[in-house]
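See structure below.
Chains as they are written, first to last, in the numbering used here: chain B, 3 to 289; chain X, 131 to 490.
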């Protein structure tokens, strides 16, 4: 039998343990809350309409200026990256879901997860070695190649998960009615998992939107609007980094304004993904 | 389709087991004409009325789909080999010139064309391990809280918050660290540590700016915390409920159940989560580069300046026009790639073993 005193001690330890765990949550929330508050406060005071419509100041340190060329550049880069990364991600996701039970599928799954964990700077180094060095110029499309390398693992695994959530009964019913394999996938499975697949794409875009390191020696940055994907291009995260490294207070303010914009975009993308996931789970529930 | 059952169950992840030959069998089997209201099945029914088209069940469409998807999957494998090959080939002159001395030497001199990676490797490992020492206890306790203690109303928002924090770009962490954390270290932490404990080699020779190993480790610990927490939580949740119930039925408290049954049961996965956190810390570039001070030197002092592999690359790669200089930086990249791949592969295997392949 357990003595009363032992029992009291054990309950006390249990209570203290719970308090410790709650304390850990609070400990983690302090720096994270402090960071969010600081970025919102600093960025908010520097943010204005001209931030979205103008370029950097003509003379550095004179004014906060805007990041219009970088916002355009970031949009172009994300579009280009999506053209490369999303098809590969979706198709390989379908492969893993449909044919991926064997050892080849297992290998692809494993390699995808490992690539998802490689440092983003390495994607930039690879794109530099393969594209920038031979062509002799920094270019937006080399940056897109680097970013696509970071984007596709997220899309691949999220697509596989989304398709896997589609009830087998649906496929079996369609196949039983005589539909061919690819029609079942295109007309039944993919539409059912549509919100999950959109989630995969949104998460993929969120993954690369804030990436800075792969852009340093690929897109390299440009203070004016450019739509030439074979030349250097500005990007929002890159400009934040460059502004942070100057000695001018106005540049620092611009960096925080940029960080706040980036923060908002990432938050929005993740909220969209979360809402879509919720809709997928309602739609594919075998209930 | 008939719908029944309760609403809260999560949709199960089903792995398709039907072989293509089995599907052909299904497709040609005569069945009862069933009324369907689903528009997507209209064409399927049409196809069933025409048996000759069913022969084409090994239809071009099926073949195209199989080829396309297999091609994409194969591309992934080719890419992964290409990563190694590119870096290995491009850095071969440095590998040939310096050999193993590249890993152990500490001379990084662009004027004499002498390059060695020890300061960068040591700085990478030092900051990362320090960051994990800070982040692992906190992260594991939060994971325990989320999986064992928190109510659903707390668990879901907190879980989303953690995922969101993992998604915040490292440039934002770096910016905050540079303008808030570094001054904090400079004005308060560094004087305190070097004043009280300056006789220890770990706290000697404080840098006057606040930049350095400690600042980098602090920001890294904040950055890897979501990774460690989220994966630890997933593997803790994967421990069967019956084990907890058995322990509780024997009279154990919740705390005892957690540490004697649940955590040991998920041990492999938790180690995987820690290694994955290490993998992220090792490769972190922007935030570290902004606060580490970027000095090609090695010291035991956490208050001193340092460098890391990623920081060295991002600082110097643009200016590296000399062949040997650039090859040395590419060899650094190759070392980083090998480190990251080993850590990630190990972590994935451990996490898969506990939480299944679908765990992120």
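Don't be surprised by glycine CBs; every beta carbon is placed ideally from N, CA and C.
For residue 192 of chain X, the chain B residues whose C-beta falls within less than 7 Å of its own C-beta are 182, 183, 184, listed in chain order.
In the displayed model, residue 107 of chain B falls within a helix according to three-state DSSP. Annotation: the continuous alpha helix (DSSP H) that includes residue 262 of chain X extends over 248 to 274. The Cβ-Cβ distance between residue 117 of chain B and residue 219 of chain X does not fall below 9 Å. Rounded to whole angstroms, the Cβ separation of residue 272 of chain X and residue 26 of chain B is 5 Å, and the two are in contact under 8 Å.
If only uninterrupted alpha helix (DSSP H) runs of at least 4 residues are considered, those enclosed by the region 135 to 211 of chain B are 142 to 166, 170 to 178, 196 to 211. Under the three-state reduction of DSSP, residue 474 of chain X is assigned to helix. Take the alpha-carbon of residue 478 of chain X and the one of residue 425 of chain X: they are about 34 Å apart. For residue 303 of chain X, at least one C-beta of chain B is nearer than 9 Å to its own C-beta. In this structure, the alpha-carbon of residue 230 of chain X lies about 16 Å from that of residue 454 of chain X. A Cβ-Cβ contact shorter than 9 Å links residue 260 of chain B with residue 72 of chain B. Boundaries of the alpha helix (DSSP H) harbouring residue 16 of chain B: 6 to 48, taken from the DSSP string. Residue pairing by DSSP places residue 423 of chain X opposite X:436 in a beta bridge. If you check each beta-carbon in the region 241 to 256 of chain X against every beta-carbon of chain B, none falls closer than 8 Å. For residue 320 of chain X, the enclosing alpha helix (DSSP H) begins and ends at 320 to 327. For residue 274 of chain B and residue 263 of chain B, the gap between their C-alpha atoms comes out near 17 Å.
When B:163, B:247, B:213 are compared, the shortest CA-CA separation from residue 199 of chain B is found for B:163. Annotated as distal: residue 252 of chain B and residue 44 of chain B, with beta-carbon spacing of 9 Å or more.
Interface criterion not met: the Cβ of residue 250 of chain B is under 9 Å from no Cβ in chain X.
According to DSSP, residue 317 of chain X shares a beta bridge with no other residue. In this structure, B:205 is the residue among B:101, B:258, B:205 with its C-alpha nearest to the C-alpha of residue 80 of chain B.
Distance between residue 345 of chain X and residue 311 of chain X, taken at the CA atoms: about 7 Å. At a cut-off of 9 Å, the C-beta of residue 316 of chain X has no neighbouring C-beta in chain B. Between the region 280 to 300 of chain X and the region 367 to 387 of chain X, the count of Cβ pairs shorter than 8 Å is below three; the stretches do not touch. For residue 219 of chain B, the chain X residues whose C-beta falls within less than 7 Å of its own C-beta are 447, 448, listed in chain order. Shown here for residue 76 of chain B: same chain residues with a beta carbon closer than 6 Å to its own, the five before and five after excluded, namely 237, 238 in chain order. Residue 194 of chain B and residue 161 of chain B have their C-alpha atoms roughly 12 Å apart.
Assigned with DSSP and collapsed to three states, residue 56 of chain B falls in coil, not helix or strand.
Contact check for residue 268 of chain X against residue 211 of chain B fails: the beta carbons are separated by 9 Å or more.
Here DSSP, grouped into helix, strand and coil, assigns residue 244 of chain X to strand. Among the residues facing chain B, residue 275 of chain X is included, as its CB has a counterpart in that chain under 9 Å away. Taking CB atoms only, residue 209 of chain B has a neighbour in chain X less than 9 Å away. Along the region 323 to 348 of chain X, there is no position whose C-beta sits under 8 Å from a C-beta of chain B. 381, 382, 383, 384, 385, 386, 388, 389: these are the residues of the region 371 to 404 of chain X whose beta carbon lies less than 9 Å from some beta carbon of chain B, given in chain order. Not one beta carbon of chain B lies nearer than 9 Å to the beta carbon of residue 222 of chain X. Residue 239 of chain B reaches chain X at 299, 301, counting residues in chain order whose Cβ is nearer than 7 Å.
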